[in-house]
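Number of protein chains: 2
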Amino acid sequence: MRCWSAAKRKPHCRGRGSRASGARTVGQLKLFADVVRDGSWVEAVIDTADPNRQPIPKPDVRRMFKPRGPVVVFGASNFPFAFSVLGGDTASALAAGNPVVVKGHPSHPGTSELFAGAMLAAIESLDLPRGLFALLQGSSHELGAALVKHPLTAAVGFTGSHKAGRALFDLGASRPRPIPVFAEMGSLNPLIVMPGALRERGDAIAKGLAASVLLGVGQFCTKPGVILVMGEAEAFVAKLEDEMKASQPGTMLNQPLRDNFAQRVAAWGKIPDVTVRVASKPAGYALITASLFETTADVFLRTPELREEAFGPAALLVRCGGVEDVARVLRVIEGSLTGTIHKGSNDDARTLLAAVEPIVGRVIFDGYPTGVEVGHAMVHGGPYPATTDPNSTSVGTAAIRRFVRMVAYQNAPDALLPPALQNANPLGITRTFNGQRTAERL
Amino acid sequence: MRCWSAAKRKPHCRGRGSRASGARTVGQLKLFADVVRDGSWVEAVIDTADPNRQPIPKPDVRRMFKPRGPVVVFGASNFPFAFSVLGGDTASALAAGNPVVVKGHPSHPGTSELFAGAMLAAIESLDLPRGLFALLQGSSHELGAALVKHPLTAAVGFTGSHKAGRALFDLGASRPRPIPVFAEMGSLNPLIVMPGALRERGDAIAKGLAASVLLGVGQFCTKPGVILVMGEAEAFVAKLEDEMKASQPGTMLNQPLRDNFAQRVAAWGKIPDVTVRVASKPAGYALITASLFETTADVFLRTPELREEAFGPAALLVRCGGVEDVARVLRVIEGSLTGTIHKGSNDDARTLLAAVEPIVGRVIFDGYPTGVEVGHAMVHGGPYPATTDPNSTSVGTAAIRRFVRMVAYQNAPDALLPPALQNANPLGITRTFNGQRTAERL
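Residue numbers (the numbering used here), protein chains in the order written: chain H, 114 to 555; chain F, 114 to 555.
Right, here's the structure in full:
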């Protein structure tokens, strides 16, 4: 399909975050290009033979990662650049050597086609196989289901709502030949402010936190949705309220998202013992203002609907009596992408860290979760329902591991081995040779 | 539960393979002990901060593997030593730091209790938490289902039949919080003998192959079940027939397995254009003799029931016209643990390798698939239905990766980081520091 034929339509670009996420797209692609150029990502492991071993001879065994097969990527609505057509999922699947079929998100078809056109032009100019990449547009569930159920599909990358992600995961698991659906489905991203941090820099935290909640009109999967504070927090809460009140209305990605958000926060406002500090007001097409809610640990513990993500510019403050209260709250929060602890110079965060770590993929200290650094160490993942696989990440170079399979070769003639496993190490990659890392030839 | 209280019952040990698999149990445990002692398996990755980076500062991000949570292991019937109570799944799950609950296989409850007793005694003498290990015995499906569905279970290891493995996989995937079920479910393990190999060493291959098919009375998951030969193969087939005929009857693991096997091979014998070269004869309790069938590529292609695994001492010879015929047969064989190619000095195996590799986890040259070396490079895995996850192995040190999750720490104070990620590198492990491997402190 020649996607660039339709590329002259006005792209549905978004203002907020576009520059940063554009930089991230380039960053992800560049990092994966480095990883592919280096080549060591295949994890070549070579155990050589020992014909004299007793009771039986030891064979020569060599293994590496190979591409898993065609990958279907569902573009996310909230990152038309960094997590849609040419985002992290596509970059990591291609880097591992798999063809990619993208199901474009219906809320930015024009942007999707621009990206697909760039990709297809690159494929043409490099004389790569045309089947390496395709974009399908459409909004029907049937289209997505057909892609997941196609016999040749080997894996799926998805970013979006829990409902859609779980439906695709279930489809993948129930196939005659099950395939993994790596779904990233958003989360509450609890952020804790310890008493010392409140005292030492409460105003600055309130300011930074409001900016993080409001970034991209609250539509980041890492938006801190639940703020846990202990002790004397009135000044901090007042400052946060001021910041949220002073914010400008923002345009959400599309009207249904805005309407869902408005409904959710309206329902929160009606829960007894939940105080509305700032109320969201819907305006014209997809416009909305920020909201801030406040409640106690006890109310949070007994009110399951407060633990549902409000995807948009809202945060819920939970006033806690102390560390034990915070730990109780964390125990009822389900798997999250991130957990953040703001500590003062004399706060001991050990107990809180032990309570946060089991439910998140990334623990952040004295910062905000909404920036996701693209690097070797990043984990943009977490226990279910943040993702469907807590041993994976969709951002950073480790994302490549989702789209591979392991293959071993036993007593293979050197010339028949993939170059990565040949004695002469023609790719010059770093390998594990009888347990030791080396870039040497054997 | 104090398993050793019942350990004086006569253990149901098996003769065949017990010595080798006993050595393998020790080998697996020793190898994992080395891996844990070394400590680098956690894959510590450290990307340091750059406060001056534009357009935004770069944070300090560090990641590592952490234990996934309680693992349920289903003991296999065919490896009471190497893949049951204290087998590879248990060793790798414990090595990763997870507690393990074993569901013992009902066909060797005595052996299971002896192993569990040894484990619990070790836990006691080392003063480890008692909850680190438990054995549950029983034969009801409800017991297995309850273990997979328990909210605290984080992953499952299974070796056995496709029917049972798929049922457990489906249970794991359909939980409110899905968990992976790493099921190894056996396979056809195609073995190809090329014309040059037939000419150069046909008799030796026939002898080695018969021994491999008959090892453990044909109850190895890597038993070569389908033998593909090209060209002048009559002498080879006759020799293989002699070897199979000359073999002694063997006792299978239990009567139901024997009866299933006898039924399957009896059904094969009734398929038109399938020649019975040697017929299995059931004898007393669980006893059976070997069988050998012969057919053509065309019959194999049009007869789906020939592609079902016959778990026991049987092999099916498929006579092929040439490499193209072999490739056609391989295209209808589903995912297998192994694929083997015997080539002569002048045979070009490139085309065959390209046809075998996509459907297997391990390619073997000029050998037999039934020995599974325990090492860093081993892959005992393969595409579905050989296993439920082609990016995993249940033998070798890479097995540890099934039972972990990734966690990242951003801008964490050094003292709060896990030792594996602290600047001083107190564990002395090898880490990836800004993209370079090093065992140094920072």
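Heads up, the beta-carbon is just placed ideally off N, CA and C, and yes, glycines get one too.
Near residue i, what residues of its chain come up, given a Cβ to Cβ distance below 8 Å and the 5 sequence neighbours on each side ignored?
i: Ile542 (chain F); result: Asp151, Gly152, Ser153, Val155, Ala157, Ala533 and Ala552
i: His125 (chain H); result: In this predicted model, His125 (chain H) has a pLDDT of only 33, less than 50, meaning its place in the structure is not dependable; the value taken from the coordinates is given anyway. Closer than 8 Å at the Cβ level, and outside the excluded window around His125 (chain H), lie Pro193, Ser220, His221, Pro222, Gly223 and Thr224.
i: Leu284 (chain F); result: Ala258, Val261, Lys262 and Val294
Considering Cα atoms alone, identify which of the options is closest to residue i.
i: Thr500 (chain F); options: F:Gly230, F:Asp316, F:Gly270 and F:Phe546; result: F:Gly270
i: Gln376 (chain F); options: F:Ile401, F:Gln361 and F:Gly182; result: F:Ile401
i: Ile472 (chain H); options: H:Thr224, H:Ser300 and H:Ser197; result: H:Ser300
i: His493 (chain H); options: H:Phe424, H:Ala423, H:Thr451 and H:Tyr481; result: H:Thr451
i: Val213 (chain F); options: F:Pro219, F:Ser220 and F:Ala204; result: F:Ala204
i: Pro482 (chain H); options: H:Gly257, H:Gln523 and H:Thr335; result: H:Thr335
i: Asp316 (chain H); options: H:Phe282, H:Met298 and H:Glu347; result: H:Glu347
i: Thr388 (chain H); options: H:Phe424, H:Phe413, H:Lys276 and H:Met491; result: H:Phe413
i: Val469 (chain F); options: F:Asn459, F:Val487, F:Glu437 and F:Met491; result: F:Glu437
i: Ser253 (chain F); options: F:Ala277, F:Pro242 and F:Arg243; result: F:Ala277
i: Lys417 (chain F); options: F:Gly244, F:Arg550, F:Ile384 and F:Leu245; result: Here residue 417 (chain F) turns out to be Pro, not Lys, going by the sequence shown. It is F:Ile384.
i: Arg515 (chain H); options: F:Ile513, F:Ala512, F:Pro526 and F:Asp502; result: F:Asp502
i: Asp461 (chain H); options: F:Lys358, F:Lys394, F:Pro526 and F:Arg441; result: F:Pro526
i: Ile446 (chain H); options: H:Asn302, H:Leu466 and H:Ser287; result: H:Asn302
i: Ala351 (chain F); options: F:Ile513, F:Arg554 and F:Arg390; result: F:Arg390
i: Leu366 (chain H); options: H:Asp386, H:Ala162 and H:Gly397; result: H:Gly397
i: Ser325 (chain H); options: H:Asp372, H:Ala427 and H:Leu370; result: H:Ala427
Are residue i and residue j closer than 8 Å when you measure CB to CB?
i: Leu419 (chain F); j: Thr408 (chain F); result: yes
i: Val184 (chain H); j: Gly474 (chain F); result: no
i: Glu354 (chain F); j: Leu429 (chain F); result: no
i: Ser507 (chain F); j: Phe187 (chain F); result: no
i: Val149 (chain F); j: Ala206 (chain F); result: no
i: Arg463 (chain H); j: Leu529 (chain F); result: yes
i: Val485 (chain H); j: Val339 (chain H); result: no
i: Ala399 (chain F); j: Thr364 (chain F); result: yes
i: Leu142 (chain H); j: Thr510 (chain H); result: no
i: Gln332 (chain H); j: Gly425 (chain H); result: yes
i: Phe374 (chain H); j: Ala423 (chain H); result: yes
i: Asn538 (chain F); j: Arg554 (chain F); result: yes
i: Ala286 (chain H); j: Ala286 (chain F); result: yes
Closer than 7 Å by C-beta to residue i: which residues in its own chain qualify, once you throw out the five before and the five after it? Chain order, please.
i: Glu356 (chain H); result: Ala319, Lys320 and Ala323
i: Val174 (chain H); result: Asp160, Ala521 and Gln523
i: Val198 (chain F); result: Gly188, Val215, Gly217, Ser225, Phe228, Ala229 and Leu248
i: Gly548 (chain F); result: none
i: Leu540 (chain F); result: Gly152, Pro532 and Ala533
i: Thr266 (chain F); result: Pro183, Val185, Leu260 and Ile292
Let me confirm a value: residue i is counted as buried when at least 16 other C-beta atoms fall within 10 Å, else exposed. Which label applies?
i: Arg415 (chain F); result: exposed
i: Lys454 (chain F); result: Lys is not the amino acid found at residue 454 (chain F); the sequence shown has Ile there. Result: buried.
i: Asp240 (chain F); result: exposed
i: Arg176 (chain F); result: buried
i: Lys456 (chain F); result: buried
i: Ser505 (chain H); result: buried
i: Glu255 (chain H); result: exposed
i: Cys116 (chain F); result: Low confidence applies here, because Cys116 (chain F) scores a pLDDT of 31, under 50, leaving its location unreliable; read the following figure in that light. Label assigned to Cys116 (chain F): buried.
i: Ser118 (chain F); result: In this prediction, Ser118 (chain F) scores a pLDDT of 26, lower than 50, which makes its location untrustworthy; the coordinate-derived value is nonetheless stated afterwards. The residue is exposed, with fewer than 16 neighbouring Cβ atoms inside 10 Å.
i: Ser458 (chain F); result: exposed
i: Gln250 (chain F); result: buried
i: Glu237 (chain H); result: exposed
i: Gly434 (chain F); result: exposed
Once you ignore the five residues that flank residue i on each side, which residues in its own chain have a CB closer than 6 Å to its CB?
i: Ser360 (chain F); result: Leu327 and Ala403
i: Gly210 (chain H); result: Pro180
i: Phe196 (chain F); result: Ala189 and Thr272
i: Ala231 (chain H); result: none
i: Phe349 (chain F); result: Leu311, Gly315 and Ala319
i: Ala517 (chain F); result: The question names Ala, but residue 517 (chain F) in the sequence shown is Val. Correct list, in chain order: Phe178, Arg181 and Ala209.
i: Phe546 (chain F); result: Ile159
Hey, is residue i's beta-carbon within less than 8 Å of any beta-carbon in chain B?
i: His489 (chain H); result: Structure shown: chain B not included; protein chains present are H and F.
May I ask whether a heavy atom of the ligand SAM can be found less than 7 Å away from the beta carbon of residue i?
i: Arg415 (chain H); result: Because no ligand of any kind appears in the structure shown, any question about the ligand SAM cannot be addressed here.
Touch test, the segment 379-388 of chain H against the segment 340-350 of chain H, Cβ-Cβ under 8 Å, three pairs minimum: no
Tell me whether the segment 282-297 of chain F and the segment 486-505 of chain H touch, counting them as touching only if at least three CB pairs, one residue from each stretch, are closer than 8 Å. yes
Tell me, please, whether the segment 161-171 of chain F touches the segment 473-492 of chain F by the rule of three or more beta-carbon pairs shorter than 8 Å. no
Answer yes if the segment 263-279 of chain H comes into contact with the segment 305-315 of chain H, meaning at least three C-beta pairs across the two stretches below 8 Å, and no otherwise. no
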